[in-house]
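As you go down the protein sequences, you meet chains A and B in turn. Counting from 198, one number per residue, gives the positions in the first sequence under my numbering. Counting from 1280, one number per residue, gives the positions in the second sequence under my numbering. Think of the CB as a built atom: it goes at the ideal place given N, C-alpha and C, for glycine as much as any other residue. Worksheet: the structure to be examined is printed underneath.
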Amino acid sequence: MKILVCISHVPDTTSKINFTDNDTKFDTSGVQFVINPNDEFGLTRAMWFKEKQGASVDVVTVGGKDTEPTIRKALAIGADTAIRVDTEALDGFQVAKELAKVAKDGEYDLVIAGRESIDYNGGMVPGMMAKMMNANFVNTCVSLDIDGDKATAVREIDGGKEKITTTFPLVIGGQKGLVEESDLKIPNMRGIMMARKKPLNVVEPVAADTHTKAEIFRKPAPKGDVKLVDADNLDKLIDLLHNEAKAI
Amino acid sequence: MSILVYTESENGKLKKTAFEVASYAKGIAELMNTSVTAVSINASDVEELGNYGVDKILKVDNDKLSKFNADAYAEVLTQAAKKEESKVVVLSQSANAKYLAPILSVNLDAGYASNAVKLPIIEDNFTVERTAFTNKAFNQTSISTDVKVIGLSNNAYGLKENESSATVEDFTVELSDDNFGIQVESVDKNTDKVSIADAEVVVSAGRGMKGPDNWDMIEELADVLGAATACSKPVSDMGWRPHSEHVGQTGKPVAANLYIAIGISGAIQHLAGISASKNKVVINNDPEAPFFKAADYGVVGDAFEVVPQLIEKLKEFKANNS
Ligand SMILES: Cc1cc2nc3c(=O)[nH]c(=O)nc-3n(C[C@H](O)[C@H](O)[C@H](O)COP(=O)(O)OP(=O)(O)OC[C@H]3O[C@@H](n4cnc5c(N)ncnc54)[C@H](O)[C@@H]3O)c2cc1C
Ligand SMILES: Nc1ncnc2c1ncn2[C@@H]1O[C@H](COP(=O)(O)O)[C@@H](O)[C@H]1O
């Protein structure tokens, strides 16, 4: 089983979100970048397949040199090889094209991506990539098992879950549930040392075109002050919710 | 040239989001001087779409589509968009719509903007405002392809009634085995509870509840309000509540009309995911809890005292107002 895990390099969840260049670019100054949380769950599940079922696990990112510490971290967690497609990620379609090429060329059976990246929240790369590769696709995947040439997955739906069986090649959009929070690994010293010796292959992009462009960003308008209601006067709260907010 | 809209149904009945995406599609149709065509799969009550600006309904009845299948459903919409020569296709952001939209956009070679919150601007560039950075910002995204796919965030546009006389047309689609690479073996759905995605009101609780045994009052409050229940991340990590209830930046987004947070501190990752909700209420015994800065209404008090009282008072209110 050859597994490819797609890693998007995103600002840490505590980052202050600001923009520069007349609000056209995300301001990266002082921002810590991490493996996209959804991808980290997928990577950890991939490590399980490696340990228990002898799978090989490579990681891939589409991005500039600045993303290398993030994929090095994935190597330190235990991936075998990292691939960086050397081009700036501009939109979901372009990234999916680049990733689909890597997945096809490498003849991967299983591609694990995340449900969405927490920066741009496109929620589109895995589905696009699956269609481009003619692979099966399971989104919002919260459980994945492999038995020979069959996969069993659980997908989260609105208000419940769905059990799915399918075959390879397969792409998943994963999230928490693939593994638990407590299963996530913080790379240890040995992992970090080993990661330095592991291959990080920089590949040329196919120079896919884009379909969309992020133009101007804006931040939500600042909120007014909270209206405090006394704990012994909950009728007031109900009145506000009914008459002012019109929410009940 | 018609605007195509995918109107979702469940057990043969249109979902509320179907009327919202129809309203939004009508808004676009007005900007572009064209009509609205809805696609509905295995739904019986489709005429109602005529109240929300839909001019034509392509009604698909097909046993093969009785269970949701993203690739097959995307194929239906692809064939409909080609038949109607649609330049814009609108979907909701339900779990199913988010699943099929990327597939559809590859089929149609269309640019896809997800999480849209406003009508597009069609002069010069076609741009759509969408949320980014998990609701910490908005972004104007331009779409350069001939055909465009837009995913409308739930509750971002609302329902707009717009009387039209919708015609219903049976629509047959060609599906191949390739569209069914995924088999749905079983669906486990809580049918007597509203889902977080569909809920108008969400009652959410955090670590301040001390333990899983104290959730009875949270469920009761949700019951009285017809609300979905949700929780903070540590609550689901500790197994007090199922993962499906975890909301926030790394959990589910909440765009409800009313979000009530009980014993939740208001960490940035939590607030990010729920900020699209219209009205936020916090109940917390610590007046310094960051949630008070993000909420519209707040009660400083002990949840174990406030919530039972609130339940009683809401019951009275409901009895008097129904
Ligand atoms: C990468 C990453 C991603 C994350 N993603 C998410 C996410 O998606 N969603 C999320 O929720 N969190 C997320 N978090 C966690 C987040 O940082 C907070 O730790 C979490 O939201 C805190 O949960 P809480 O408010 O329930 O608990 P606490 O922070 O412990 O707050 C409990 C609150 O309850 C109040 N309280 C205590 N007793 C009572 C009482 N008797 N009556 C009333 N109030 C009481 C306290 O005053 C306190 O404010 C993430 C963290 C990281 C690092
Ligand atoms: N630049 C990228 N490089 C590698 N993988 C990516 C990249 N962007 C997105 N992905 C993958 O696609 C998933 C969904 O991303 P998105 O569609 O951008 O929300 C992420 O969780 C990643 O697994």
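Problem - Within chain B, the residues that A/L425 reaches when beta carbons sit closer than 7 Å - result: As a working note, residue 425 of chain A is residue 228 in the first sequence. Correct list: G1577, V1579.
Exercise for the section: Could you tell me whether the Cβ of A/H408 comes closer than 9 Å to any Cβ of chain B? Expected result: As a working note, residue 408 of chain A is residue 211 in the first sequence. At least one chain B Cβ lies under 9 Å of A/H408.
Practice task
Select from the region 313-337 of chain A all residues with a C-beta closer than 9 Å to any C-beta belonging to chain B, and list them in chain order.
Solution key: From the region 313-337 of chain A, only E313, I315, D316, Y317, N318, G319, G320, M321, V322, P323, G324, M325, M326, A327, K328, M329, N331, A332, N333, F334, V335, N336, T337 have a Cβ closer than 9 Å to chain B.
Handout entry: Neighbourhood of B/L1550 by C-beta distance below 6 Å, restricted to the same chain and skipping five residues each side
Key = Locating residue 1550 of chain B in the second sequence gives position 271, where the first residue counts as 1. Answer for B/L1550: A1573, listed in chain order.
Practice task
Could you please give the first and the last residue of the uninterrupted beta strand (DSSP E) stretch that includes A/I369?
Solution key: As a first step, residue 369 of chain A must be located in the first sequence, where it is residue number 172. Taken as a continuous stretch (DSSP letters only), the beta strand (DSSP E) holding A/I369 covers 367-371.
Problem - Residue range of the beta strand (DSSP E) that includes A/I445 - result: Within the first sequence, the letter at position 248 stands for residue 445 of chain A. It is not in any beta strand (DSSP E) - A/I445 carries neither H nor E in the DSSP assignment.
Problem - Assigned exposure category for B/K1512 - 16 Cβ within 10 Å defines buried - result: Taking the first residue of the second sequence as 1, we reach residue 1512 of chain B at position 233. Taking a 10 Å sphere around the C-beta of B/K1512, we find 16 or more other C-beta atoms and assign the residue as buried.
Exercise for the section: Below 8 Å between beta carbons is the criterion; list the residues of the region 1521-1542 of chain B that meet it against any residue of chain A, in chain order. Expected result: Under the 8 Å Cβ criterion, the region 1521-1542 of chain B contributes H1522, S1523, H1525, Q1528, T1529, G1530, N1536, L1537.
Handout entry: ligand 1 heavy atom lying under 8 Å from the CB of B/V1514
Key = Here residue 1514 of chain B refers to the residue found at position 235 of the second sequence. True, at least one ligand heavy atom lies under 8 Å from that Cβ.
Exercise for the section: Specify whether the region 357-370 of chain A and the region 1395-1412 of chain B touch according to this definition: at least 3 beta carbon pairs, one from each stretch, less than 8 Å apart. Expected result: Because the criterion of three Cβ pairs below 8 Å is not met, the region 357-370 of chain A and the region 1395-1412 of chain B do not touch.
Practice task
Could you tell me if B/S1465 is buried or exposed, where buried requires 16 or more neighbouring beta carbons within 10 angstroms of its beta carbon?
Solution key: Here residue 1465 of chain B refers to the residue found at position 186 of the second sequence. By the neighbour-count rule (16 or more Cβ atoms within 10 Å), B/S1465 is not buried but exposed.
Problem - Length of the line joining the Cα atoms of A/V423 and B/L1344 - result: Counted from its first residue, the first sequence places residue 423 of chain A at position 226. Counted from its first residue, the second sequence places residue 1344 of chain B at position 65. Roughly 48 Å between the two C-alpha positions.
Handout entry: Endpoints, beta strand (DSSP E) assigned at B/D1345
Key = Taking the first residue of the second sequence as 1, we reach residue 1345 of chain B at position 66. Before going further, note that residue 1345 of chain B is Ser rather than Asp in the sequence given. Annotation: B/S1345 is outside any beta strand (DSSP E) and is labelled neither H nor E by DSSP.
Practice task
Flag A/S212 as yes when its Cβ comes closer than 8 Å to any non-hydrogen atom of ligand 1, and as no otherwise.
Solution key: By one-based count along the first sequence, residue 212 of chain A stands at place 15. In terms of side-chain proximity, the C-beta atom of A/S212 is found no nearer than 8 Å to any non-hydrogen atom of ligand 1.
Practice task
Measure from the C-beta of B/V1325 to each C-beta in chain A and report whether the shortest distance is under 9 Å.
Solution key: As a working mapping, residue 1325 of chain B is identified with position 46 in the second sequence. Not flagged as an interface residue toward chain A: B/V1325, since no C-beta distance is shorter than 9 Å.
Exercise for the section: Give me the Cα-Cα distance between B/K1531 and B/G1580, rounded to the nearest whole angstrom. Expected result: Working through the second sequence from its first residue, we reach residue 1531 of chain B at position 252. Working through the second sequence from its first residue, we reach residue 1580 of chain B at position 301. The straight-line gap from Cα to Cα measures roughly 27 Å.
Exercise for the section: Measure the beta-carbon distance from B/V1473 to B/A1507 and round it to whole angstroms, keeping in mind my assumption that it falls under 8 Å. Expected result: Residue mapping note: residue 1473 of chain B aligns to position 194 of the second sequence, counting from 1. Residue mapping note: residue 1507 of chain B aligns to position 228 of the second sequence, counting from 1. About 5 Å separates the Cβ atoms of B/V1473 and B/A1507, confirming a contact at the 8 Å cut-off.
Handout entry: Secondary structure of B/S1393, DSSP reduced to three states
Key = Within the second sequence, residue 1393 of chain B is the residue found at index 114, counting from 1. B/S1393 falls in the strand class under three-state DSSP.
Exercise for the section: Examine chain B for any beta-carbon lying closer than 9 Å to the beta-carbon of A/D236, and answer yes or no. Expected result: The residue you call residue 236 of chain A lines up with position 39 of the first sequence. No, A/D236 does not count as interfacial toward chain B.
Exercise for the section: Please name the residue or residues paired with A/F223 in a DSSP beta bridge. Expected result: Numbered from its first residue, the first sequence carries residue 223 of chain A at position 26. Within the DSSP secondary-structure output, A/F223 pairs in a beta bridge with A/F216.
Exercise for the section: Can you say whether A/I383 is buried or exposed, counting buried as having 16 or more other CB atoms within 10 angstroms of its CB? Expected result: As a first step, residue 383 of chain A must be located in the first sequence, where it is residue number 186. By the Cβ-count criterion, A/I383 is exposed, with fewer than 16 other Cβ atoms from all chains shown falling within 10 Å of its own Cβ.
Exercise for the section: Using the Cα positions of A/N336 and A/R352, report the straight-line distance between them to the nearest angstrom. Expected result: Translated into the one-based positions of the first sequence, residue 336 of chain A becomes position 139. Translated into the one-based positions of the first sequence, residue 352 of chain A becomes position 155. Spanning the alpha carbons of A/N336 and A/R352 requires a straight line of approximately 7 Å.
Practice task
List the endpoints of the continuous beta strand (DSSP E) containing A/P208.
Solution key: Stepping through the first sequence from its first residue, residue 208 of chain A is reached at position 11. If you look at A/P208, you'll find it in the beta strand (DSSP E) that goes 206-208.
Handout entry: Top-ranked residue by Cα proximity to B/M1517, from B/R1486, B/N1536, B/Q1528
Key = Counting from 1 along the second sequence, the entry for residue 1517 of chain B is found at position 238. The shortest C-alpha separation from B/M1517 is found at B/R1486.
Problem - Pair within 9 Å by beta-carbon distance, B/A1365 and B/K1377 - result: Taking the first residue of the second sequence as 1, we reach residue 1365 of chain B at position 86. Taking the first residue of the second sequence as 1, we reach residue 1377 of chain B at position 98. Residue identity differs from the one stated: residue 1365 of chain B is Ser in this sequence, not Ala. Going by C-beta atoms, B/S1365 is not nearer than 9 Å to B/K1377.
Practice task
Take A/L375 as the anchor and find which of A/D220, A/L240, A/F216 has the nearest alpha-carbon.
Solution key: Position 178 of the first sequence holds residue 375 of chain A. Out of A/D220, A/L240, A/F216, A/L240 has the C-alpha closest to the C-alpha of A/L375.
Handout entry: Residue-chain proximity (B/F1298, chain A), Cβ-Cβ < 9 Å
Key = Position 19 of the second sequence, counted from the first residue, corresponds to residue 1298 of chain B. Using a CB distance cut-off of 9 Å, B/F1298 does not count as an interface residue toward chain A.
Exercise for the section: Give the interface partners of B/L1602 over in chain A, defined as CB-CB distance under 9 Å, in chain order. Expected result: Examination of residue 1602 of chain B is not possible in this model, given that chain B is present from 1280 through 1601 alone.
Problem - Proximal residues of chain B, C-beta to C-beta of A/D355 below 8 Å - result: In the first sequence, residue 355 of chain A corresponds to position 158, counting from 1. Residues of chain B with a Cβ closer than 8 Å to the Cβ of A/D355 are, in chain order, S1373, A1374, N1375, S1474, I1475, A1476, D1477.
Practice task
Say yes only if the C-beta of B/A1598 is nearer than 8 Å to one or more non-hydrogen atoms of ligand 1, and no if none qualify.
Solution key: Position 319 of the second sequence, counting from 1, holds the residue named residue 1598 of chain B. Not under cutoff, so the answer is no.
Handout entry: Under 9 Å between C-beta atoms of A/A442 and B/D1575
Key = The residue given as residue 442 of chain A occupies position 245 in the first sequence. The residue given as residue 1575 of chain B occupies position 296 in the second sequence. Yes. Within cutoff.
Practice task
Answer yes or no: do B/K1427 and B/V1367 have a C-beta to C-beta separation smaller than 9 Å?
Solution key: Residue 1427 of chain B sits at position 148 when you count from the first residue of the second sequence. Residue 1367 of chain B sits at position 88 when you count from the first residue of the second sequence. Against a cut-off of 9 Å, the Cβ pair of B/V1367 and B/K1427 comes out as a contact.
Practice task
Starting from A/G374, find everything on chain B with Cβ-Cβ shorter than 7 Å and list it in chain order.
Solution key: Within the first sequence, numbered from 1, the residue matching residue 374 of chain A stands at position 177. Neighbours of A/G374 on chain B, chain order: H1522.
Problem - Beta-carbon proximity list for B/I1461, same chain, < 8 Å, skipping 5 on both sides - result: On the second sequence, residue 1461 of chain B is found 182 positions in, with the first residue counted as 1. Correct list, in chain order: N1348, A1349, D1350.
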